[in-house]
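So in the UniProt record's numbering, spot 398 of the sequence shown is number 398, and the numbers just go up one at a time. For each residue, glycine too, the CB sits at the ideal point set by N, CA and C. Here the structure comes first, spelled out in structure tokens, and everything after it is commentary.
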Amino acid sequence: MGKITVIGLGVGTINEIPLGVYRQLKQANQKIFTRTIEHPVVKELAQEGIEFEFMDDIYESHDQFEMVYQGIVDELIKVSQNEDIIYTVPGHPMVAEKTVQLLLESKSEKIEIDILGGQSFLDALFTAVEADPIEGFQLLDGTNLQRHTIQYRQHLLIGQVYDGMVAADVKITLMEDLPYDYPITIVQAAGTEQQKVQTVPLYELDRDFEFSNLTTLYVKPADDAVLHHQFSVLRDVVATLRGPYGCPWDKKQTHESLRKYLIEEAYEVIEAIDEEDDDHIAEELGDVLLQVMLHSQIAEDSGFFTVDDVIRSITDKMIERHPHVFGDIDVASADEVTANWEEIKQKDRPKLDSVLEDLNESLPRLLFAQEIQKKVSKVGFDWNEPQLMFDKVKEEIKEFEAELSNGSLDEAEMEFGDLLFSLVNAARFYKIDPELALHRTCHKFIQRFKKVEQMMVEDQKLITEASLEEMDQYWEKAKQL
């Protein structure tokens with residue numbers, strides 16, 4: 001059985017090493033490996049007669065830090081199979097030391113691992129930047145900085161910033177959320193006689209500064225004003241609006257009172273999409289998101305659910321209904337994806353007495369008609385030839401005309417409904433959204449009629465005095481434009 005004793009060498013000079021650690025190193029009869037010679041204490045201990053086996057050459061053998069760390073661990077485990085060894089690392093073994101984490105993950109019955117202390121660089125670092133960790137902080141790895149893990153409301157420490165390349169990657173990640181000139185403090189060799197502290201704007205982070213394995217970055221907590229693009233800030237804003245000192249209008253809203261706004265905002269998104277205006281689309285999607293947040297906050301205030309439940313629900317659903325992405329199902333086309341989706345949906349639903357039993361009654365009637373037709377189509381009640389659908393449309397037009405001729409308004413209304421229903425069926429066959437199609441036609445009509453009004457004003461004519469024939473001439477001109 002092999003034993004690896006991991007010893008932290010602290011961050012300062014030899015005078016700051018605990019006496020017990022110093023004696024153990026001086027009296028050791030095992031091989032002493034150290035991750036890197038680039039540490040002031042290592043050089044001082046070597047002058048005291050302690051012999052180290054440096055592992056810096058492994059850094060030269062790989063171009064990725066993950067491979068370097070794994071290479072060091074593999075070498076240590078290999079040697080420890082036959083003898084006990086000591087492995088020294090900068091700082092404290094359990095603080096920002098990836099090789100120690102990999103060693104612990106690799107621990108087995110054949111390898112014993114002991115961890116001995118050593119001052120962490122954190123004490124010296126918080127002193128250097130004059131920050132109190134009780135306010136909350138994060139310590140993250142600069143070589144693997146993930147944007148979604150960063151909490152900008154806390155003190156942020158980024159270690160492992162070995163060189164300008166890592167600093168450049170960190171800069172790019174931070175600039176996704178922070179202003180280009182946000183102050184970043186670079187701390188070199190915290191707690192040593194060579195300590196250097198320098199604050200630079202974010203955009204200059206990777207310029208004209210010497211980085212090393214003793215470099216750590218400090219980012220002070222950001223004000224909410226800087227973080228208006230983050231979900232947590234939006235959630236706090238909505239909670240404040242609904243809170244005791246919030247907005248009277250927001251506080252009195254209910255699920256029912258907000259229904260019309262959700263519909264309006266959805267249609268405004270469609271309008272922005274039709275305009276092909278990306279900025280407008282982003283703005284209108286924000287308005288839709290606000291409706292989601294308000295409904296979620298109303299439910300949270302009443303103790304029913306929170307926005308976390310909303311997000312969890314849709315996340316679970318997306319994973320469950322995409323087994324070809326998150327599972328082991330293979331699909332060859334989008335049609336197969338749709339078929340799988342419907343099959344999974346049916347498994348989640350209780351058995352119904354009718355395929356039309358769970359219709360969404362709140363839909364606009366054109367979409368409601370489309371939904372009815374989709375459901376009956378799934379059981380085979382559908383046209384299979386386009387010509388048959390168009391024949392049905394012509395038949396309904398004749399029946400509508402007949403009832404108008406008979407003077408029966410009630411029957412004419414029913415026949416007009418049948419005509420619309422048959423047109424929706426034709427649209428569905430060609431994968432045209434009838435609600436969206438009508439929306440686009442209304443928008444087109446508005447734009448053309450406004451153009452007619454504009455041209456008549458330019459010709460010094462009053463539209464209220466123009467004949468239908470005159471307006472029609474202007475209409476044709478507007479169409480050409």
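query: DSSP on T149, reduced to helix/strand/coil?
result: Position 149 of the sequence shown holds residue 149. Residue state, collapsed to three classes: helix.
field: Collapsed DSSP secondary structure at E53 in the structure displayed
entry: By one-based count along the sequence shown, residue 53 stands at place 53. Note: E53 maps to strand in three-state DSSP.
message: Looking at the secondary structure, which residues open and close the alpha helix (DSSP H) in which H155 lies?
response: To locate residue 155, count along the sequence shown from 1; it is residue 155. No alpha helix (DSSP H) contains H155, which is instead part of the beta strand (DSSP E) from 155-159.
- prompt: Taking the alpha helix (DSSP H) that P386 falls in, what are its first and last residues?
  reply: Translated into the one-based positions of the sequence shown, residue 386 becomes position 386. Where P386 is concerned, the enclosing alpha helix (DSSP H) stretches over 386-406.
query: Can you give the Cα-Cα distance for K375 and D382, rounded to whole angstroms?
result: If you number the sequence shown from 1, residue 375 lands on position 375. If you number the sequence shown from 1, residue 382 lands on position 382. The straight-line gap from Cα to Cα measures roughly 10 Å.
query: Near residue 482, what residues of its chain come up, given a Cβ to Cβ distance below 7 Å and the 5 sequence neighbours on each side ignored?
result: Residue 482 lies beyond the stretch modelled for the chain, which goes from 1 to 481, so this question has no answer here.
task: Starting from the C-beta of D181, find all residues in its chain whose C-beta is less than 6 Å away, skip the five residues before and the five after it, and write them out in chain order.
output: Counting from one through the sequence shown, the residue named residue 181 turns up at place 181. Hits under 6 Å: P201.
- prompt: In whole angstroms, what separates the C-alpha of V166 from that of E105?
  reply: Counted from its first residue, the sequence shown places residue 166 at position 166. Counted from its first residue, the sequence shown places residue 105 at position 105. Taking the straight line from one Cα to the other gives about 26 Å.
message: Tell me the rounded alpha-carbon separation between A189 and T215.
response: Here the question's residue 189 lines up with position 189 in the sequence shown. Here the question's residue 215 lines up with position 215 in the sequence shown. One C-alpha to the other measures close to 6 Å.
message: Rounded to the nearest angstrom, what separates S377 and S333 at their Cα positions?
response: For the purposes of this step, residue 377 is identified with residue 377 of the sequence shown, where counting begins at 1. For the purposes of this step, residue 333 is identified with residue 333 of the sequence shown, where counting begins at 1. Between S377 and S333, the C-alpha separation is close to 21 Å.
task: Alpha carbon to alpha carbon, how far is L178 from A225? Give it in angstroms, no decimals.
output: If you number the sequence shown from 1, residue 225 lands on position 225. If you number the sequence shown from 1, residue 178 lands on position 178. Cα-Cα distance, rounded: 11 Å.
- prompt: Of the residues V331, I115, Q291, V219, which one's Cα is nearest the Cα of E257?
  reply: Mapped onto the sequence shown, residue 257 falls at position 257. The residue asked about is misnamed: residue 257 is Ser in this sequence, not Glu. Checked all of V331, I115, Q291, V219; the closest Cα to S257 is Q291.
Expected contact under 8 Å - CB spacing of residue 482 and H324 to nearest Å: Past the boundaries of the shown model lies residue 482; the chain is included only from 1 to 481, so the question cannot be answered.
field: Coil, strand or helix - A140 by DSSP
entry: The sequence position of residue 140 within the sequence shown is 140, counting from 1. Reading off the sequence, residue 140 comes out as Leu, not Ala. Of the three classes helix, strand and coil, the one that applies to L140 here is strand, per DSSP.
message: Assuming I85 and I4 are in contact, meaning their beta carbons sit under 8 Å apart, how far apart are those beta carbons, in whole angstroms?
response: Looking up residue 85 in the sequence shown gives position 85. Looking up residue 4 in the sequence shown gives position 4. Going by Cβ atoms, the distance from I85 to I4 rounds to 6 Å, so yes, they are a contact pair.
message: Once DSSP output is grouped into helix, strand and coil, what is the label at D132?
response: For this step, residue 132 is matched to residue 132 along the sequence shown. Coil.
Inside the stretch 201-282 only - alpha helix (DSSP H) runs reaching at least 4 residues: 231-242, 248-251, 259-275
- prompt: If we ignore side chains and look at the alpha-carbon of each, how far apart do K196 and L122 end up?
  reply: Within the sequence shown, numbered from 1, the residue matching residue 196 stands at position 196. Within the sequence shown, numbered from 1, the residue matching residue 122 stands at position 122. K196 and L122: Cα-Cα distance of roughly 15 Å.
- prompt: By Cβ distance below 6 Å, which residues in the same chain neighbour L205 in space, the five residues on each side in sequence not counted?
  reply: Numbered from 1 along the sequence shown, position 205 holds the residue referred to as residue 205. Cβ neighbours of L205 beyond the five flanking positions: A167, K171, I184.
query: Can you pull the DSSP bridge partners for T88?
result: Reading the sequence shown from its first residue, position 88 is the one you call residue 88. Partner(s): I7, T34.
task: Within the same chain, show all residues whose beta-carbon is closer than 8 Å to that of L359, passing over the 5 residues directly before and after it, in chain order.
output: Here residue 359 refers to the residue found at position 359 of the sequence shown. Same-chain partners within the cutoff: F368, E371, I372, K375.
- prompt: Buried or exposed: N462, going by 16 or more other Cβ atoms within 10 Å of its Cβ?
  reply: Translated into positions along the sequence shown, residue 462 becomes position 462. Looking at the sequence shown, residue 462 is not Asn but Leu. Classification of L462: exposed, given that the 10 Å Cβ count is below 16.
task: Go ahead and label T88 buried or exposed: buried means 16 or more other beta carbons lie within 10 angstroms of its beta carbon, across all protein chains shown.
output: Looking up residue 88 in the sequence shown gives position 88. Counting Cβ neighbours within 10 Å, T88 comes out buried, since at least 16 surround it.
- prompt: Are the beta-carbon atoms belonging to V100 and V6 less than 7 Å from one another?
  reply: Within the sequence shown, residue 100 is the residue found at index 100, counting from 1. Within the sequence shown, residue 6 is the residue found at index 6, counting from 1. Taking 7 Å as the Cβ cut-off, V100 and V6 qualify as a contacting pair.
Separation of L139 from N213, as counted between CA atoms: For the purposes of this step, residue 213 is taken as residue 213 along the sequence shown, with counting starting at 1. For the purposes of this step, residue 139 is taken as residue 139 along the sequence shown, with counting starting at 1. Between N213 and L139, the C-alpha separation is close to 15 Å.
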